[in-house]
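Chains as they are written, first to last, in my numbering: chain P, 86 to 372; chain W, 86 to 490. Ideal Cβ placement from N, Cα and C applies to all residues, glycine included. Note that the structure is predicted; figures quoted are calculated from it, not measured. Worksheet: the structure to be examined is printed underneath.
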């Protein structure tokens, strides 16, 4: 029987980055009604911008801020320029438009940075402590802390701020909210900025913890979407639980023979399982 | 600054500039080396590489492109230029089959040269044999590449390279290497196979070995490293392309493993960007196999390869083992074509000519021997040696050879 403890500890940090992205996806869906497949690509852009600034001799601290800001800006621009023109289109069309946006960003990153081997480093990588036989860097601890913090902050923001209230109103009934004076475009833009910020933080952390590769980071959206599916694109606590479960399960399956090499299928299994579970009532009614 | 100082400064800069370029100073020589551009009817040659996907795996094709450009600028094939068409298969077998059909059936390529792909050999074996086209690949990766009738890679493959790398560490630390872990992507006909030689060898020495395969799309390298460490290895061979190896080394650094375990890897890690990517922590702590000469060996062939890359390639093209392999594949092809009647060059004659080329025949002989002596990994070992990877970052002069030569 393999010792699963180290894998549990290492999986938590990856899970936290899934949570960050998943929360960003849910917030955007609740406010603007868009399933954002570009969440991973926007995060990858943040990571590449940070890396480039550090490569040019810039201060690392500012480079991450600039990277996250670039992600928020790109997300804001999409939300302000393209998304409003599709606002009354089919939800699938809006989702596919974000997929196109992801592929454009992926192509742009491939053109500018290519796939040369590189690594994004944070000063917190060198600070570490031992937990259950695994060395945990501060970056991992921060990733986990940020995952919890960001989720709590977003939940409080939605519950108590005026913009949060307007977002909930938009999610409930877009047309009625507009008639009541909610500035739809402005609230949508806020949702895109929050989504971009979360994508940026998640991208920078994933690039440091795992791999600085446009392709890999762009498709890191898959576990985040699976986490959002787990939360039905509505519930933030369920999205957090889904993200954590996916990340930890992926890590825990590592030492299991035969299944281990195929553990990247976990997000798909979770998404399919969650959808089947959600549909159980419908099946019951039709019986 | 006085005029004297300015002149002295310019003189010193010129001197340093010349000193820096001495290694590449040789003029690029290709084909008949006439210095005149070829302008006859083009000869179409194709190439398949993996640019997009989990890693950019194309340096062999880029080197072949540079060599054919050089050839075309120097008389081509008795006046006929090579039209070299390089296609990306995106690590996708279906896309690989599509581009192969496009090159062979639509473009009527007479040969494929400089191929470098994880999926090409498996996906296109049928069409290569059916259409009677010869592939002088730069780099063969999966097992299929080394057991095909019309496929001759210039490298010995990841199985031999991994085995050599592990053997070198064992020889460097006699009696201390008993347990080996080999990490590879879970690609059919590649992952397990590429590690099987190293594991078989260590078992024959009385030790034990474990193969860990992982999904190249997976982001969690720490779990892979933790799984490797659970085996309590003395050596970990990271048998992946360079892009996939970086996060594994990062995860190993995070766990502080450089002083606990010896790290090694096959020729795919012999890349000038790699030491910089994995960082100073690994300086002098990773041994990497190389299949051809060291990039800074200074031999006429190595100098010509670098000169061709500098003059006809892009500055961003890698100068790694696989680039050498692509250059070699293109050169072998050019040598063959130059001996033929330029007016009668077609696929049949080129396939026959390449099959009779001494280098290609030797490759087939080598692979025939490999097939017969598969159980003895040591006999498969070939190539000039192993370099300690960390030094590359500081300049070519820093490359230190610690293995056989």
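Beta-carbon separation of residue i and residue j under 8 Å?
i	j	result
residue 199(W)	residue 159(W)	no
residue 106(P)	residue 306(P)	yes
residue 337(W)	residue 268(W)	no
residue 309(W)	residue 297(W)	yes
residue 115(P)	residue 252(P)	yes
residue 191(W)	residue 210(W)	no
residue 227(W)	residue 274(W)	yes
residue 432(W)	residue 218(W)	yes
residue 193(W)	residue 245(W)	no
residue 255(P)	residue 267(P)	yes
residue 127(P)	residue 188(P)	no
residue 103(P)	residue 331(P)	yes
residue 303(P)	residue 313(P)	no
residue 229(P)	residue 93(P)	no
residue 209(P)	residue 339(W)	no
residue 280(P)	residue 109(P)	yes
residue 293(P)	residue 206(P)	yes
residue 224(W)	residue 252(W)	no
residue 130(P)	residue 155(P)	yes
residue 358(P)	residue 100(P)	no
residue 207(W)	residue 171(W)	no
residue 91(P)	residue 217(P)	yes
residue 177(W)	residue 166(W)	no
residue 418(W)	residue 376(W)	no
residue 398(W)	residue 122(W)	no
residue 144(W)	residue 401(W)	no
What distance in whole Å lies between the Cβ atoms of residue j and residue i, which are believed to be in contact at a cut-off of 8 Å?
i	j	result
residue 174(W)	residue 329(W)	With a Cβ gap of about 17 Å, residue 174(W) and residue 329(W) do not count as contacting.
residue 351(W)	residue 374(W)	5 Å
residue 349(P)	residue 300(W)	4 Å
residue 423(W)	residue 163(W)	7 Å
residue 282(P)	residue 153(P)	6 Å
residue 394(W)	residue 151(W)	5 Å
residue 182(P)	residue 117(P)	About 12 Å separates the two Cβ atoms, so there is no contact after all.
residue 335(P)	residue 305(W)	6 Å
residue 195(W)	residue 435(W)	4 Å
residue 127(W)	residue 168(W)	4 Å
residue 331(W)	residue 348(W)	Not confirmed; about 13 Å, so no contact.
Enumerate, from N- to C-terminal direction, the unbroken alpha helix (DSSP H) stretches of 4 or more residues contained entirely within the stretch 255-325 of chain W.
276-289, 306-315
Using a Cβ-Cβ cut-off of less than 7 Å, give me the residues of the stretch 315-344 of chain W that come near chain P, in sequence order.
315, 327, 328, 331, 332, 335, 339, 340, 341
Given a limit of 7 Å on CB to CB distance, which residues of the stretch 296-308 of chain W reach chain P?
298, 299, 300, 302, 303, 304, 305, 306, 307, 308
Assess contact between the stretch 409-427 of chain W and the stretch 361-369 of chain W, defined as three or more Cβ pairs (one per stretch) separated by less than 8 Å. Is contact present?
Counting Cβ pairs under 8 Å, fewer than three are found: no touch.
Closer than 9 Å between beta carbons: that is the criterion. Which residues of the stretch 128-140 of chain W meet it against chain P?
136, 137, 138, 139, 140
At a Cβ cut of 9 Å, what residues of the stretch 287-306 of chain P count as close to chain W, listed as they run along the chain?
291, 293, 294, 295, 296, 297, 298, 300, 301, 302, 304, 305
Below 9 Å between beta carbons is the criterion; list the residues of the stretch 232-255 of chain W that meet it against any residue of chain P, in chain order.
none
Interfacial residues, the stretch 102-131 of chain P to chain W, with Cβ spacing under 9 Å:
102
Contacting positions in the stretch 151-173 of chain W - beta carbon closer than 9 Å to chain P:
none
Segments of 3+ residues assigned as beta strand (DSSP E) that fall wholly inside the stretch 118-151 of chain W:
128-134
Going along the chain, which residues of the stretch 357-375 of chain W sit with their C-beta nearer than 9 Å to a C-beta in chain P?
358, 359, 361, 362, 363, 364
Mind listing which residues of the stretch 274-286 of chain W have their C-beta closer than 9 Å to chain P's C-betas, in chain order?
276
Segment contact flag, the stretch 276-289 of chain P with the stretch 348-356 of chain P, C-beta cutoff 8 Å, min 3 pairs:
no
The stretch 200-210 of chain P touching the stretch 348-359 of chain W, judged by at least three CB pairs closer than 8 Å:
yes
Quick check: the stretch 234-246 of chain W against the stretch 255-265 of chain W, are at least 3 beta-carbon pairs closer than 8 Å?
No, the stretch 255-265 of chain W does not touch the stretch 234-246 of chain W.
Decide yes or no for the touch test of the stretch 176-188 of chain W against the stretch 128-137 of chain W: beta carbon pairs closer than 8 Å, at least 3 of them.
yes
Which runs of the alpha helix (DSSP H) fall wholly inside the stretch 277-320 of chain P and span at least 4 residues, in chain order?
299-303, 306-315
Does the stretch 262-278 of chain W come into contact with the stretch 317-329 of chain W, if we say contact requires no fewer than three beta-carbon pairs (one atom in each stretch) closer than 8 Å?
yes
When the Cβ atoms of the stretch 312-321 of chain P are set against those of the stretch 192-199 of chain P, are three or more pairs found closer than 8 Å?
Between the stretch 312-321 of chain P and the stretch 192-199 of chain P there are fewer than three inter-stretch CB-CB distances shorter than 8 Å, so the stretches are not counted as touching.
Residues from the stretch 189-221 of chain P in contact with chain W, defined by Cβ distance under 8 Å:
195, 199, 200, 201, 202, 203, 204, 206, 210, 213, 219, 220
Can you list the alpha helix (DSSP H) stretches of 4 or more residues lying completely in the stretch 374-437 of chain W, in chain order?
List check, alpha helix (DSSP H) in window: 385-397, 406-423.
Name, going along the chain, the residues of the stretch 378-397 of chain W whose beta-carbon falls closer than 7 Å to a beta-carbon of chain P.
none
Check whether the stretch 139-146 of chain P and the stretch 157-165 of chain P are in contact - that is, three or more C-beta pairs closer than 8 Å.
no
Output, in sequence order along the chain, the residues in the stretch 241-254 of chain P whose CB is closer than 7 Å to any CB in chain W.
none
Scan the stretch 198-267 of chain W and note each continuous alpha helix (DSSP H) run of 4 residues or more that stays entirely inside, going in chain order.
205-216, 243-257
For the structure I just gave you, are there three or more beta carbon pairs, one from the stretch 119-126 of chain P and one from the stretch 179-187 of chain P, closer than 8 Å?
yes
Given a limit of 9 Å on CB to CB distance, which residues of the stretch 329-352 of chain P reach chain W?
332, 335, 336, 337, 338, 339, 340, 345, 346, 347, 348, 349, 350
At 3 residues or longer, what runs of the beta strand (DSSP E) sit wholly inside the stretch 203-290 of chain P?
213-216, 219-222
With 7 Å as the C-beta to C-beta threshold (strictly closer), list the residues of the stretch 257-273 of chain W near chain P in chain order.
271
With 9 Å as the limit, tell me which residues of the stretch 417-444 of chain W have their beta carbon closer than that to any beta carbon of chain P; keep them in chain order.
Within the stretch 417-444 of chain W, no residue has a Cβ that lies closer than 9 Å to any Cβ of chain P.
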